[in-house]
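Comments concern the structure below.
There are 2 protein chains.
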Amino acid sequence: MCEICGCGDSRLVSINVQRSLLSENDRQAAHLREHFISDGVLALNIMGSPGAGKTALLEATARVLAGRLRLAAVSADLATALDAERLERAGVFSAPITTGSACHLDASLVHHALHDARLSRAVSSADVFFIENVGNLVCPAIYDLGQSANVVVLSVTEGVDKPLKYPVIFHKADLVVITKIDLLPHLPGVSLATLRENVARVMPKLQVIELSALTGAGVPNFVEWLDERRQAAR
Amino acid sequence: MCEICGCGDSRLVSINVQRSLLSENDRQAAHLREHFISDGVLALNIMGSPGAGKTALLEATARVLAGRLRLAAVSADLATALDAERLERAGVFSAPITTGSACHLDASLVHHALHDARLSRAVSSADVFFIENVGNLVCPAIYDLGQSANVVVLSVTEGVDKPLKYPVIFHKADLVVITKIDLLPHLPGVSLATLRENVARVMPKLQVIELSALTGAGVPNFVEWLDERRQAAR
Numbered sequence: 002m003c004e005i006c007g008c009g010d011s012r013l014v015s016i017n018v019q020r021s022l023l024s025e026n027d028r029q030a031a032h033l034r035e036h037f038i039s040d041g042v043l044a045l046n047i048m049g050s051p052g053a054g055k056t057a058l059l060e061a062t063a064r065v066l067a068g069r070l071r072l073a074a075v076s077a078d079l080a081t082a083l084d085a086e087r088l089e090r091a092g093v094f095s096a097p098i099t100t101g102s103a104c105h106l107d108a109s110l111v112h113h114a115l116h117d118a119r120l121s122r123a124v125s126s127a128d129v130f131f132i133e134n135v136g137n138l139v140c141p142a143i144y145d146l147g148q149s150a151n152v153v154v155l156s157v158t159e160g161v162d163k164p165l166k167y168p169v170i171f172h173k174a175d176l177v178v179i180t181k182i183d184l185l186p187h188l189p190g191v192s193l194a195t196l197r198e199n200v201a202r203v204m205p206k207l208q209v210i211e212l213s214a215l216t217g218a219g220v221p222n223f224v225e226w227l228d229e230r231r232q233a234a235r
Numbered sequence: 002m003c004e005i006c007g008c009g010d011s012r013l014v015s016i017n018v019q020r021s022l023l024s025e026n027d028r029q030a031a032h033l034r035e036h037f038i039s040d041g042v043l044a045l046n047i048m049g050s051p052g053a054g055k056t057a058l059l060e061a062t063a064r065v066l067a068g069r070l071r072l073a074a075v076s077a078d079l080a081t082a083l084d085a086e087r088l089e090r091a092g093v094f095s096a097p098i099t100t101g102s103a104c105h106l107d108a109s110l111v112h113h114a115l116h117d118a119r120l121s122r123a124v125s126s127a128d129v130f131f132i133e134n135v136g137n138l139v140c141p142a143i144y145d146l147g148q149s150a151n152v153v154v155l156s157v158t159e160g161v162d163k164p165l166k167y168p169v170i171f172h173k174a175d176l177v178v179i180t181k182i183d184l185l186p187h188l189p190g191v192s193l194a195t196l197r198e199n200v201a202r203v204m205p206k207l208q209v210i211e212l213s214a215l216t217g218a219g220v221p222n223f224v225e226w227l228d229e230r231r232q233a234a235r
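First to last, the protein sequences are chains E and Z.
If you read the first sequence in the working numbering, its first letter stands for residue 2, the second for the next number, and so on.
If you read the second sequence in the working numbering, its first letter stands for residue 2, the second for the next number, and so on.
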C-alpha cells in the first residue's frame, strides 16, 4: 500500500520511504493530540465524499447547540474558503485549509493552520474542534491528525453500496453519520436498512446516526453523541 | 505537487521520483493509446465522486444504445465487483479492477486488466471502452490512461460549489455530465444555472450535458456526444 496517499500502490514508493513519512506524521499527530487533550478539546476528523454533507452537518449542529458549546473548525478543500465562510456564518470559529491539489489532510497541515494565533486561541478554548477533511472517501483515512475520533459522513444519495466498495475508511470510523435522509422518498434504489447492513459489514464497532441537516431530523442524536464523547474524554 | 496520487504534497516525495513515476505512467498510457487508436476504439476515462452516478450513466447509455454500439468497460473500486456486474447485466462486456486501497487508476492497472484475453478481445472489437475510475474527485485527474477523452460525472446532490472547490479535475475535463437532475425539485439549495456557471469558471472548453439516468432524460445527448467523438476520431 502506498501510505503517502492511502492509494495502495506499493509499486510506487519504497516501503522504507512510506514508513518514515507515516512515522513523521504520527509524531506530529501525537503532538497535536497532547495539546487537544491538555486543553480539554474534543477533536474530530470529519471525512466523507465531496458533497456528502460534512459542512451542512456542522452548520446544523451549531444551530441545535445554539451556543451551548464553543465550536471551532478547520475546513479543507483544494481551493476556496467557502466552507469555512459557511461555518463562520453558523457561529463556528473557522479557518480554511486550501490544499492546492492535495487529496487529504495530514498532521502537518493541521499543525501549520494552528500557527495562526487567533485560530489557535479559538481551538484551545473550544469544547469541540471539527477538522473537516478534503472531500474524499479513500485517502483521508490513512493520516492521523491527532483527533479523538473519526466521523465518516455518508449521504443516502451516494447509494447503498459505498461501504462495501470503499471499506478502508469505514474500518477506521468511530461513527458513521448517514445524511440527507429527507431525500429517501425520491431515491427508489436506496433502502436505509440495506445501507445500515452494509455499514455493519465493514465497521468494527457499529455506531450509526441517521439525519437530515435540511430538516434537522436526527441532528440532536449527533449532539448527544458529542456530549457522550466529551464526557468519556474526562 | 505529489504526482503519485495527485495529492499535491511536494514535501513527501522528491521531485525526481515523482517525475520518473509519471513518465513511466505516460509511457504505458501511450502504449495503451496506440492500441485503442489502431483498434478504432473510443476510450473514455470516466471520473467523479463516489455515488456521482458513473455506473448508472453507463447503464442508461447501454439502454439507449440497445446494441447499436459494442460497449466494453472496466470498473474500478477499492473492493467488490459490484459495478462490473451491474454493467454486465446492462449488456456491457465488463471486468472489475479492485485497487485494494488505491484511490485512482493508473495506466499499469488498466494494462494489467487487459492481459485477460477475453477482456482484451472485447475491448479490441468494441466501439467504446469505458474506463470507470475509482470514485474520487481529486486523484484520478493526474494519471493518463491512454483515453481519448476525460468525462467528469457530477451529481446535483453534491451541491453547486464542487467545481470551485475541486477545480483540478475540471481543468482536465473534455465533458462534464451533470447527473440526477430528477432530484432538483427536492434540493432547495441547488440551482442548475449556478452549477453550470461554476463549471464554466474552471473548465477550459465548456461542454456540459445534464441528464437523469433514472428517468432517461438527457441520456440521448450523451449518446450523441459519443457518436460525435467517434466520428472525430476517424
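We treat Cβ as the ideally placed atom computed from N, Cα and C, and that holds for glycine.
Whose CA, out of the options, lies closest to the CA of residue i?
i: Y167/E; options: G92/Z, R235/Z, N137/Z; result: N137/Z
i: L188/E; options: L176/Z, P221/Z, L215/Z, L120/Z; result: L215/Z
i: A63/E; options: G101/E, D145/E, K173/E, R87/E; result: R87/E
i: P141/Z; options: G49/Z, S109/Z, S24/Z; result: G49/Z
i: L45/Z; options: G52/Z, L58/Z, P51/Z; result: L58/Z
i: A234/E; options: P221/E, V203/E, D128/E, I182/E; result: D128/E
i: H32/E; options: G147/E, S95/E, T100/E, D107/E; result: G147/E
i: F171/Z; options: T100/Z, A201/Z, P186/Z, S213/Z; result: A201/Z
i: T81/Z; options: G52/Z, P97/Z, V93/Z; result: P97/Z
i: D183/E; options: G217/E, T195/E, M204/E; result: G217/E
i: L110/Z; options: A91/Z, N151/Z, V209/Z, Q29/Z; result: Q29/Z
i: F37/E; options: K55/E, A108/E, A91/E; result: A108/E
i: V220/Z; options: L66/Z, E198/Z, G52/Z; result: L66/Z
i: E35/E; options: V203/E, S149/E, K55/E, D228/E; result: S149/E
i: L22/Z; options: E229/Z, N222/Z, F223/Z, I143/Z; result: I143/Z
i: R197/Z; options: L227/Z, L165/Z, S213/Z; result: L165/Z
i: P89/E; options: L106/E, A103/E, A123/E, T100/E; result: Note that residue 89/E corresponds to Glu in the displayed sequence, not to Pro. Among L106/E, A103/E, A123/E, T100/E, the Cα nearest to that of E89/E belongs to A123/E.
i: L185/E; options: V169/E, L212/E, S24/E; result: L212/E
i: V203/E; options: V157/E, V177/E, N222/E; result: V177/E
Check for me: the alpha helix (DSSP H) holding residue i runs from which residue to which?
i: T62/E; result: 55-66
i: L146/E; result: L146/E -> no alpha helix (DSSP H), and no H or E assigned at all.
i: V169/Z; result: 168-172
i: A118/E; result: 118-125
Which of the three DSSP states, helix, strand or coil, is assigned to residue i?
i: A85/E; result: helix
i: G217/E; result: coil
i: R12/Z; result: With a pLDDT of only 48 at R12/Z, under the threshold of 50, the placement of this residue in the model should not be trusted; the figure read from the coordinates follows. It is coil, neither helix nor strand.
i: A108/E; result: helix
i: L138/E; result: coil
i: V191/E; result: coil
i: R20/E; result: helix
i: A234/E; result: coil
i: L33/Z; result: helix
i: V224/E; result: helix
i: L155/Z; result: strand
i: R69/Z; result: coil
i: V203/E; result: helix
i: L185/Z; result: helix
i: L258/E; result: Since the first and last residues shown for chain E are 2 and 235, residue 258/E lies out of range.
i: L165/E; result: helix
i: A114/E; result: helix
i: D27/E; result: helix
i: D40/Z; result: coil
i: G7/Z; result: Bear in mind that a pLDDT of 43 at G7/Z, under 50, signals an unreliable position, so the number given afterwards is only what the model happens to contain. It is coil, neither helix nor strand.
Looking at the unbroken beta strand (DSSP E) that takes in residue i, where does it start and where does it end?
i: P97/E; result: 94-99
i: I210/E; result: 209-211
i: M48/E; result: 43-49
i: S76/Z; result: 72-78
i: E133/Z; result: 129-133
i: V177/E; result: 176-180
Compare the C-beta of residue i against all C-beta atoms of chain A and say whether one is closer than 8 angstroms.
i: L58/E; result: Among the protein chains in the structure shown, which are E and Z, there is no chain A.
Does any heavy atom of the ligand NAD sit closer than 7 angstroms to the C-beta of residue i?
i: T158/Z; result: For the ligand NAD, the structure offers nothing, since it holds no ligand at all.
For the region 126-141 of chain E, which residues have a beta carbon sitting closer than 8 angstroms to at least one beta carbon of chain Z?
V135, G136, N137, L138, V139, C140
For the region 161-179 of chain E, list every residue whose C-beta sits within 7 angstroms of some C-beta in chain Z, in sequence order.
Listed by position along the chain: D162, K163, L165, K166, Y167, P168, V169.
Using a Cβ-Cβ cut-off of less than 7 angstroms, list which residues of the region 63-79 of chain E approach chain Z; keep chain order.
Interface annotation for the region 63-79 of chain E against chain Z: D78, L79, criterion Cβ-Cβ distance under 7 angstroms.
Does the structure place the region 71-79 of chain Z close enough to the region 110-129 of chain E that three or more beta carbon pairs sit under 8 angstroms?
no
Touch check for the region 152-164 of chain Z and the region 181-198 of chain Z: three-plus C-beta pairs under 8 angstroms?
Output reads yes: the region 181-198 of chain Z touches the region 152-164 of chain Z.
Using a beta-carbon distance cut-off of less than 8 angstroms, what residues from the region 24-53 of chain Z approach chain E?
S50, P51, G52
Would you list, in chain order, the members of the region 88-116 of chain E that have their beta-carbon closer than 7 angstroms to a beta-carbon of chain Z?
T100, G101, S102, A103, C104, H105
Given a limit of 9 angstroms on CB to CB distance, which residues of the region 205-216 of chain E reach chain Z?
L215
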